[in-house]
Amino acid sequence: MPDAADASRQSATLRQPPLWLLVLVTFSGTLAMHMFVPALPAAAADLRAGVGAMQMTISLYIVGLAVGQLIYGPLSDCFGRRPTLLAGLALYTAAGLGAALAPDAGSLIAARLLQALGGCAGLALGRAIVRDTTLSQDAVRRLALLNLMTMAGPALAPMIGSTLSATLGWRSIFLALVTLGAVNLLSVWRLLPETGRPSGELSTRSLIQDYRHLLRSRMFVGFAVGGGCTTTAIYAFIAAAPFLFVHELHRPVHEVGIYLGLLMVGMAAGNMLTGRLIGRISMERLLVGATLLVLASSLAFLAAVLLGLLTVPVAVGSMSLMTLGAGMSSPAALTQAISIDRRLTGSAAGLYGFIQMTVGAGFTALVAAGPDPALAAGLVLSLGGLVAQMSFWVAIRAQRA
Numbered sequence: 001m002p003d004a005a006d007a008s009r010q011s012a013t014l015r016q017p018p019l020w021l022l023v024l025v026t027f028s029g030t031l032a033m034h035m036f037v038p039a040l041p042a043a044a045a046d047l048r049a050g051v052g053a054m055q056m057t058i059s060l061y062i063v064g065l066a067v068g069q070l071i072y073g074p075l076s077d078c079f080g081r082r083p084t085l086l087a088g089l090a091l092y093t094a095a096g097l098g099a100a101l102a103p104d105a106g107s108l109i110a111a112r113l114l115q116a117l118g119g120c121a122g123l124a125l126g127r128a129i130v131r132d133t134t135l136s137q138d139a140v141r142r143l144a145l146l147n148l149m150t151m152a153g154p155a156l157a158p159m160i161g162s163t164l165s166a167t168l169g170w171r172s173i174f175l176a177l178v179t180l181g182a183v184n185l186l187s188v189w190r191l192l193p194e195t196g197r198p199s200g201e202l203s204t205r206s207l208i209q210d211y212r213h214l215l216r217s218r219m220f221v222g223f224a225v226g227g228g229c230t231t232t233a234i235y236a237f238i239a240a241a242p243f244l245f246v247h248e249l250h251r252p253v254h255e256v257g258i259y260l261g262l263l264m265v266g267m268a269a270g271n272m273l274t275g276r277l278i279g280r281i282s283m284e285r286l287l288v289g290a291t292l293l294v295l296a297s298s299l300a301f302l303a304a305v306l307l308g309l310l311t312v313p314v315a316v317g318s319m320s321l322m323t324l325g326a327g328m329s330s331p332a333a334l335t336q337a338i339s340i341d342r343r344l345t346g347s348a349a350g351l352y353g354f355i356q357m358t359v360g361a362g363f364t365a366l367v368a369a370g371p372d373p374a375l376a377a378g379l380v381l382s383l384g385g386l387v388a389q390m391s392f393w394v395a396i397r398a399q400r401a
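Last residue of the sequence shown: 401 in my numbering, with the numbers rising by one and none dropped.
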């Protein structure tokens, strides 16, 4: 006979929100991250700003996307997922309009930071809502799609941004994001029920205690660090891709978007494969095996660079295998991490997102600091695969204890 917790979880599944809606709110936050990159020179000329000021619109967005998730998780545990997500989407939409109308670089930088603080609501809360409304195996399948959106945003954003900037001007990028934000806001207001169990209690002391509890959990830290290293580590390759394909492999600029799109095919294939494997093999075997594929493909890419054998097929092939492994492992890692304590699902989702984005930003910075983008990307991705494998073993051993 099912206990009260089982009955509650089963009743929650009856209130599942539309998956397409969760995909949209997740996608919007990461889409805006790099969508503005192709328009930086045009915006700098229009606003009479330096390159450094324009780069701040990207770096501060990533910072806001990471830090903001630490805020939305606990807020949603206290006040509920729905009102917290509505507030975040309203901020995202209003800040996008502010960016579109920005008269100078300072105003644009401030608007971008606010846009990130609003956009990260979908990242953190989309995951928490899935965990609220589904049981473990179903959660992995639904989180796989949200994870794909986290990765697809930065990969597709430059192509969309360059097209809009070239045809309608750089401000049209933000008007497009405002439209997306408004659609999300209206859809959440009309279609999303409350899925959490708001506690109504929030204090700085309890917030610190919740995060301390999660950070002291070897299970949570292991799954979160491992998940970050197998997903947003690919941001390092995305940052290096224009220099790698154009300068080293002498391919035209327009082909870079095609190659990055192929990596997303690998991620999607991994997500689909995970959905089929869950229930047939254990999550432990799935995580370890998929992360071995991430590590092996990263080492193959690094070896090709060191031996002077790097070509477009080798680069795209090895990185597609890497994203295949990431697509298989990361949804399972995310599910395990935010299931440590159901009372802290929102906080866990926010902290997971913070760690994920911090890893991505750190790995991207390491690649940018290296004199050879291909070598730097190979070293960083190999390091990420190794750290992920070790982190998952730590989490699995803690889970068994």
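For every residue, glycine included, the Cβ atom is placed at its ideal position computed from N, Cα and C. Note that the coordinates shown come from a computational prediction; the quantities given were computed from them, not determined experimentally.
Burial of His34 is indicated by the presence of at least 16 other C-beta atoms within 10 angstroms of its C-beta. Within the same chain, Leu185, Val188, Trp189 come within 8 Å of Leu86 by CB-CB distance, once the 5 residues on both sides are set aside. Shown here for Leu40: same chain residues with a beta carbon closer than 6 Å to its own, the five before and five after excluded, namely Met54 in chain order.
Annotation: Ala100 to Val178 spans about 9 Å, alpha carbon to alpha carbon. If you check the CB distance, Gly228 and Val359 come in under 8 Å. For Ile160, DSSP assigns no beta-bridge partner whatsoever. By DSSP's assignment, Ile278 forms a beta bridge with Ile281. Taking every protein chain shown into account, the CB of Trp170 has 16 or more other CB atoms within 10 angstroms, so this residue is buried. One thing to note: Gln336 has its Cβ within 8 Å of the Cβ of Met283.
Judged by DSSP secondary structure, Thr93 falls within the alpha helix (DSSP H) whose first and last residues are 81-100. Within its own chain, the residues whose Cβ lies closer than 6 Å to the Cβ of Gly346, once the five positions on either side in sequence are excluded, are Gly73, Ser76, Asp77, Ala128, listed in chain order.
Residue state for Ile340 is assigned as coil, using DSSP reduced to three classes. The stretch 113-120 makes no contact with the stretch 216-227; the number of CB pairs closer than 8 Å stays below 3.
When Cβ pairs closer than 8 Å are counted between the two stretches, the stretch 316-325 is seen to touch the stretch 263-281, the count reaching three or more. Per DSSP, the continuous alpha helix (DSSP H) segment holding Thr230 begins and ends at 218-230.
Three or more pairs of CB atoms, one per stretch, sit closer than 8 Å, so the stretch 376-393 contacts the stretch 236-248.
By the C-beta criterion, the stretch 200-218 is judged not to be in contact with the stretch 380-388, since fewer than 3 inter-stretch pairs fall below 8 Å. Residue environment for Ile278: buried (at least 16 other C-beta atoms within 10 angstroms of its C-beta). Straight through space, the alpha carbons of Leu334 and Ala45 are spaced by roughly 42 Å.
Cβ contact annotation for Val256 (same chain, cutoff 6 Å, sequence separation greater than five): Ala241, Pro242, Phe245, in chain order.
Residues of the same chain with a CB within less than 8 Å of the CB of Ile338, apart from the 5 flanking positions on each side, are Arg127, Ala128, Arg131, Thr345, Ala348, Ala349, Tyr352 in chain order. Bounds of the alpha helix (DSSP H) holding His213 are 204-215.
Remark: C-beta atoms of Gly119 and Ala32 approach each other more closely than 8 Å.
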